[in-house]
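Asker: In numbering that gives the first Met the number 0, the protein residues as written are 0 to 231. First, the structure itself, so that you have it in front of you.
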Amino acid sequence: MKILIISDIHGNITALDAINEKADLVLCLGDVVNYGPYPKECIERVKNLTDKIVRGNHDNAVGKGMDCRCSAKYKEISDAGKVFTNNVLNTSEKNFLSNLPVTLKVEIKGEIFLLSHASPGGDMYKYIRPETTDKDLKLEINDIGADIVFIGHTHLPMIREVDGIKIVNPGSVGQPRDGIPMVSYAIWEDGKVEIKRVAYNIDTTVMGLQETSIPFNHVKELTKILKEGGMY
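Structure follows, in structure tokens:
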């Protein structure tokens, strides 16, 4: 069985559509919207791909009118993107985002997969990065009741294993931040996990941004992040 794991699409339909994988199942780890120019299209596409979706902090911010609690570096552009996103989404789309589960367990062939946006326990704001220590990871997965954990949020791909439990971050589809400006996603196939990358037409997304109501200075920042892979 082949599973496609995607996360942090951020309104970038061009990046999402660049993924050309035939999979038996798609899992989505949240942040379908914000930053990017095509939130409506991304919601529709993800809904057509899967019903296994968890809520990210940006989905929560738009759907519930909450703060994204982003890092200082991204706070201003996030807030600007949220204004645009709020203006283009209808009530039904916002309700869809706000009603997504915070965590989700999926059982496949006797294995339990835990989906969460940022942390295994469901904290959608916590950053678990590739350099997080084994000690801290053990605390995160204590009594988690799963064989494999899929998380996103950092936009940094990661495959770790602690106490026999794999913790996988597929990286970001729509806004990679590891210095590689290519779509990042993960494939689980018959027990093996792989991070994969694919190029997409960044200029198409940039042109879409230029047509939004997002202020020019923030569009300029977002363009730089997209073209450079927005390193922390």
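Every residue, glycine too, gets a C-beta built ideally from N, C-alpha and C. From a predicted model like this one, the values you see are computed outputs, not experimental measurements.
Give me, in chain order, the residues of the same chain whose beta-carbon lies closer than 6 Å to that of K63; leave out the 5 immediate sequence neighbours on both sides.
Answerer: Contacts found: S97.
Asker: To which residues of the same chain is K74 closer than 6 Å at the C-beta, ignoring the five residues directly before and after it?
Answerer: none
Asker: At 4 residues or longer, and completely inside the segment 56 to 122: list those alpha helix (DSSP H) runs for me, N to C.
Answerer: 56 to 63, 71 to 87, 90 to 97
Asker: Tell me which residue opens and which closes the alpha helix (DSSP H) that L221 is part of.
Answerer: 215 to 227
Asker: Could you check if D162 is buried or exposed, using at least 16 other CB atoms within 10 Å of its CB as the buried criterion?
Answerer: exposed
Asker: What would DSSP say about R54, mapped onto helix, strand or coil?
Answerer: R54 falls in the coil class under three-state DSSP.
Asker: Alpha carbon to alpha carbon, what distance is there between Q209 and G144?
Answerer: 45 Å
Asker: Pick helix, strand or coil for E40, following the three-state DSSP scheme.
Answerer: helix
Asker: Let's see if you can read the secondary structure: which residues bound the beta strand (DSSP E) around A185?
Answerer: Counting along the chain, the beta strand (DSSP E) containing A185 begins and ends at 182 to 188.
Asker: Just reading off the beta strand (DSSP E) that I166 is part of, what are its end residues?
Answerer: Where I166 is concerned, the enclosing beta strand (DSSP E) stretches over 164 to 168.
Asker: Would you report the Cα separation of S212 and S171, rounded to the nearest angstrom?
Answerer: 24 Å
Asker: Which whole-angstrom value describes the C-beta separation of P169 and I140, a residue pair presumed to lie in contact below a C-beta threshold of 8 Å?
Answerer: The Cβ separation is near 18 Å, so there is no contact.
Asker: Following the continuous beta strand (DSSP E) through M157, name the residue where it begins and the one where it ends.
Answerer: 157 to 161
Asker: Can you round the beta-carbon distance between R159 and I150 to whole angstroms, since I take them to be within the 8 Å contact cut?
Answerer: With a Cβ gap of about 10 Å, R159 and I150 do not count as contacting.
Asker: What first and last residue would you give for the beta strand (DSSP E) that runs through K1?
Answerer: 1 to 5
Asker: Taking the DSSP output, what are the residues bridged to L28?
Answerer: L28 pairs with nothing; no bridge assigned.
Asker: Report the rounded CA-to-CA distance for K104 versus I127, giving the unit in angstroms.
Answerer: 19 Å
Asker: For E193, does the three-state DSSP call read helix, strand or coil?
Answerer: strand
Asker: To the nearest angstrom, report how far apart V61 and T84 are at their CA atoms.
Answerer: 7 Å
Asker: Are the beta-carbon atoms of L225 and I186 separated by less than 9 Å?
Answerer: One thing to note: L225 has its Cβ no nearer than 9 Å to the Cβ of I186.
Asker: For a test of the three-state rule: what should DSSP assign to I12, helix, strand or coil?
Answerer: helix
Asker: Can you tell me which of the three DSSP states E172 falls into?
Answerer: It should be noted that the sequence gives Val, not Glu, for residue 172. V172 falls in the coil class under three-state DSSP.
Asker: Do you know offhand how far H57's Cα is from V82's?
Answerer: 12 Å
Asker: Ordered along the chain, which non-local residues of its own chain (more than five positions away) have a Cβ less than 6 Å from that of M65?
Answerer: N59
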